[in-house]
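Novice: Going left to right, the sequence shown walks through residues 0 to 507 as numbering that gives the first Met the number 0 numbers them.
Structure incoming, see below.
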Amino acid sequence: MATLDSQRAVAVIGAGTMGAGIAQVAAMAGHPVILYDTREGAAAQAIAGIGKTLQTLASRQKVDSAQAARAVAALKPAQTLADLADCGLVVEAIVERLDAKAQLFAALEDIVSPACLLATNTSSIPVTAIGAALKHPGRLGGMHFFNPAPRLPLVEIISGLDTRPDTAQCLFDTAFAWGKSPVRARSTPGFIVNRVARPFYGEGLRLLQEQAVDAATLDYIARACGGFRMGPCELTDLIGQDVNAAVSRSVWAAFHHAPRFEPSLVQQELVDGGRLGRKAGRGFFDYADGAPAPAPSLAASQPRPDVIALFGGSPLAQALGSRLRAAGVPFQACAERGDGRVAQADEALLYLTDGRSATQRAHDLGQPATLLLDLSLDPATARCMPLAAARQCPPAAVAAATGLLQAAGLDVAPIRDVPGMVVMRTVAMLANEALDTVSQGVCSAADVDQAMRLGVNYPLGPLAWCARIGADTVGTVLTHLHAAYGERYLPCAALKSSIYSGIPLHVA
Ligand code: NAI
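In structure tokens form, the structure reads like this:
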């Protein structure tokens, strides 16, 4: 282990949201911590805030009170940069501007010893660019904490072109010793999380633009079918629509305006209208006192169909079977059919989406009573199932399909018939981005999954999810989406290679 000795002082520069959080983490790990900010009194104010936080946590027995008291005593404000001369590590968390960061590190090089490591908490500026003007860029790396830093376990350890391997290793081991779960990444736009997470927001916003669902229903589907902790609308309201839009724009620009990162007009309109989310009292939803909670639009209760049949042994068919059995609803278990149908309810035929619209699928099958089901994280425990009907589907078939799903204990969310539906489209794009990121050597397959689980709370890493549903299914969905919408949905080369070889990306 190349961990920074806990006796060595850590300096944190920038005493705002992130700097204060990082200082708290380092102090709780036993380091003497020096906090510096150019704003008069900001460092002392941040230390007082940390003291209060730790006192509250100790009174609730969330942290050890002696450890909290030691941490508070270990925090000191610095008056000038010269006070940082004896530090073993400096973590920078100042304003997100390249010129400010480069200037700060250049000044620091004249103050700290040659052995002192330098880290930046930047979320979007290339570490290579920040280090470019340094005399010793090898000792600079990224240490990208997530907000709130004391609570979120993920830290992305970023290597720029010049970062020495031992620097990255020491930052990694130190983050680990501080109780974090670090991952390693190369300095590429968005690093891991801010790149791979883009489709979660981007596809949700596209679905709103296509009028596929309303915001409350989209969020409900993401949670109750996809297993995500929050839906894209409530999450962007929490992050701030302006902040989320700025990250999307910066990743889009950094990837030379690749269509898959294209910013959303729906989100831009919210920003233009000052509907920035929770902090503004209004975003997708209204946060005024007494405002009604967002309610999803669900199908009205339908009678149980006379004929219910399930086909084959797919996870979805099996889960529907168990749910119907548990509800005491009789059904016929039938062998798989060549067309891949999952279920029949009277005249209605139900299929798992493959990226084509139900309307196209009905046409291709010559079967007007065609309805599509979405991907769910776990069909045995999901609470909701989105349902898309072909335009040519008779109303009685829609009612029968709805009745079957309701008999299986599912809330049915009727959505407009758009290719790929909600969860399947989102997960296919997340998996594609994760595969692309790994194949470009940004990070390992294990690290991309860990980063997405710990950084943004995904219920499964995108690569594990891809393996669960099958690379060929993801490839088919994207190929159909590509045919419907164009370049945005092109399957990446790594996905194609996995499909043609049958070998997952991370297996050599
Ligand atoms: P903030 O605005 O809360 O705090 C920045 C602090 O830096 C302010 O107190 C300011 O007075 C001080 N400052 C500015 N220029 C300075 C300089 N030259 N020398 C010393 N102090 C200076 O900002 P926040 O949110 O804490 O972000 C800081 C950094 O962390 C940025 O690079 C940001 O991109 C990154 N980051 C932010 C996250 C977030 O969710 N807020 C998450 C992860 C990274």
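Beta carbons are placed, not taken as given, at the ideal position from N, Cα and C, and that holds for glycine.
For clarity, every value in this text was computed on a predicted model and none was experimentally measured.
Based on the DSSP output, what are the partners of T369 in its beta bridges?
Specialist: Looking at the DSSP assignment, T369 forms a beta bridge with L348.
Novice: For A450 and S123, what's the separation of their Cα atoms in angstroms?
Specialist: Each residue's Cα considered, the two are about 16 Å apart.
Novice: Going along the chain, which residues of its own chain have a beta-carbon closer than 8 Å to the beta-carbon of F284, five neighbours each way excluded?
Specialist: Around F284: A214, A215, C232, E233, D236, A290, P293.
Novice: Is it right to say R150 is buried, meaning 16 or more other beta carbons lie within 10 angstroms of its own, or is it exposed?
Specialist: It is exposed - the Cβ of R150 has fewer than 16 other Cβ atoms within 10 Å.
Novice: Within 8 Å, do at least three Cβ pairs link the stretch 334-350 to the stretch 429-445?
Specialist: No contact exists between the stretch 429-445 and the stretch 334-350.
Novice: Say the cut is 6 Å; is the CB of R509 nearer than that to a heavy atom of the ligand NAI?
Specialist: Nothing about residue 509 can be read from this structure; the chain reaches only from 0 to 507.
Novice: Output the residue ranges of the beta strand (DSSP E) runs that lie fully inside the stretch 118-176 and measure 3 residues or longer, sorted by chain position.
Specialist: For the stretch 118-176, whole beta strand (DSSP E) runs of length 3 or above, ordered along the chain, are 139-144, 153-158.
Novice: Distance check for T401 and A509, CA to CA, integer angstroms please.
Specialist: Nothing can be reported for residue 509: it is not among the residues displayed for the chain, which extend from 0 to 507.
Novice: Hey, G230 and L275 are a contact pair by Cβ (cut 8 Å); roughly how many whole angstroms apart?
Specialist: 18 Å between Cβ atoms; not a contact.
Novice: Report whether the distance from the Cβ of S186 to the nearest heavy atom of the ligand NAI is below 6 Å.
Specialist: False, no ligand heavy atom lies under 6 Å from that Cβ.
Novice: Can you name, in chain order, every residue of its own chain whose Cβ lies under 6 Å from the Cβ of V397, other than the five neighbours on each side?
Specialist: So the list reads A388, once near-sequence residues are dropped.
Novice: Let's test the definition: count the other Cβ atoms within 10 Å of the Cβ of A1 and tell me whether it reaches 16, buried, or not, exposed.
Specialist: With fewer than 16 Cβ atoms within 10 Å of its Cβ, A1 is classed as exposed.
Novice: Distance, Cα to Cα, A507 vs I468?
Specialist: Here the model assigns A507 a pLDDT of 43, short of 50, so the residue's position is not dependable, and the following value carries that caveat. Each residue's Cα considered, the two are about 21 Å apart.
Novice: Can you check whether the CB of S64 is closer than 7 Å to the CB of G29?
Specialist: Contact flag unset, no.
Novice: Would DSSP call S180 helix, strand or coil?
Specialist: It is a strand residue.
Novice: Could you check how far apart the C-beta atoms of P152 and L453 are, in whole angstroms? I think they sit under 8 Å.
Specialist: The Cβ separation is near 5 Å, so the contact holds.
Novice: Between L315, P113, E95, V154, which lies nearest to I129 when the distance is taken from Cα to Cα?
Specialist: It is E95.
Novice: What does a CB cutoff of less than 6 Å around P413 pick up in its chain, not counting 5 residues either side in sequence?
Specialist: Excluding sequence neighbours, P413 sits near A298, L386.
Novice: What beta strand (DSSP E) runs, 3 residues minimum, are completely inside the stretch 288-354?
Specialist: Within the stretch 288-354, the complete beta strand (DSSP E) runs of at least 3 residues are 307-310, 331-333, 342-344, 347-351.
Novice: Could you tell me whether the stretch 155-166 touches the stretch 42-54, using the rule of 3 or more Cβ pairs below 8 Å?
Specialist: Cβ pair count under 8 Å is below three, so no.
Novice: Residues bridged to G276 by DSSP?
Specialist: The partner list for G276 (beta bridge, DSSP) reads R281.
Novice: Of all the options P304, Q331, G141, which has the alpha carbon lying nearest to the alpha carbon of D312?
Specialist: Reading off the sequence, residue 312 comes out as Gly, not Asp. Nearest option by C-alpha distance: Q331.
Novice: Got a sec, what are the start and stop residues for the beta strand (DSSP E) P198 sits in?
Specialist: Where P198 is concerned, there is no enclosing beta strand (DSSP E), although the alpha helix (DSSP H) it sits in stretches over 197-208.
Novice: Using 8 Å as the threshold, is the stretch 420-433 in touch with the stretch 314-333, meaning 3 or more CB pairs across them?
Specialist: Counting Cβ pairs under 8 Å, fewer than three are found: no touch.
Novice: Please list, in chain order, all residues of the same chain as I110 whose beta carbon is under 8 Å from its beta carbon, the five residues on each side excluded.
Specialist: Once the five neighbours on either side are set aside, the close Cβ partners of I110 are L80, A81, L83, A84.
Novice: Between the stretch 161-176 and the stretch 199-215, do three or more beta carbon pairs fall short of 8 Å?
Specialist: The stretch 161-176 vs the stretch 199-215: no contact.
Novice: Compare the C-beta of A257 with all C-beta atoms of chain B and state if any pair is closer than 7 Å.
Specialist: Looking at the structure shown, chain B is missing, and only one protein chain is on hand.
Novice: Beta-carbon within less than 6 Å of V473's beta-carbon, same chain only, minus the 5 sequence neighbours each way: which residues are those?
Specialist: Excluding positions up to five away in sequence, the list reads A427, A430, C465.
Novice: Is A507 helix, strand or coil by DSSP?
Specialist: In this prediction, A507 scores a pLDDT of 43, lower than 50, which makes its location untrustworthy; the coordinate-derived value is nonetheless stated afterwards. Here A507 sits in coil by DSSP.
Novice: Under the rule that 16 or more other beta-carbon atoms within 10 Å means buried, what is S296, buried or exposed?
Specialist: With fewer than 16 Cβ atoms within 10 Å of its Cβ, S296 is classed as exposed.
Novice: Measuring only from the beta carbon, is N243 closer than 6 Å to any heavy atom that is part of the ligand NAI?
Specialist: No, Cβ of N243 sits at least 6 Å from all heavy atoms of the ligand NAI.
Novice: Could you have a look at R185 and say whether DSSP puts it in helix, strand or coil?
Specialist: Correct three-state label for R185: strand.
Novice: What are the start and end residues of the alpha helix (DSSP H) that includes E432?
Specialist: 422-438 is the span of the alpha helix (DSSP H), which, as asked, contains E432.
Novice: Could you check whether the Cβ of I33 sits closer than 6 Å to any heavy atom belonging to the ligand NAI?
Specialist: Not so, every heavy atom of the ligand NAI lies at least 6 Å from the Cβ.
Novice: Span of the beta strand (DSSP E) holding V90?
Specialist: Note, V90: beta strand (DSSP E), 88-91.
Novice: Go ahead and label D363 buried or exposed: buried means 16 or more other beta carbons lie within 10 angstroms of its beta carbon, across all protein chains shown.
Specialist: So D363 counts as exposed.
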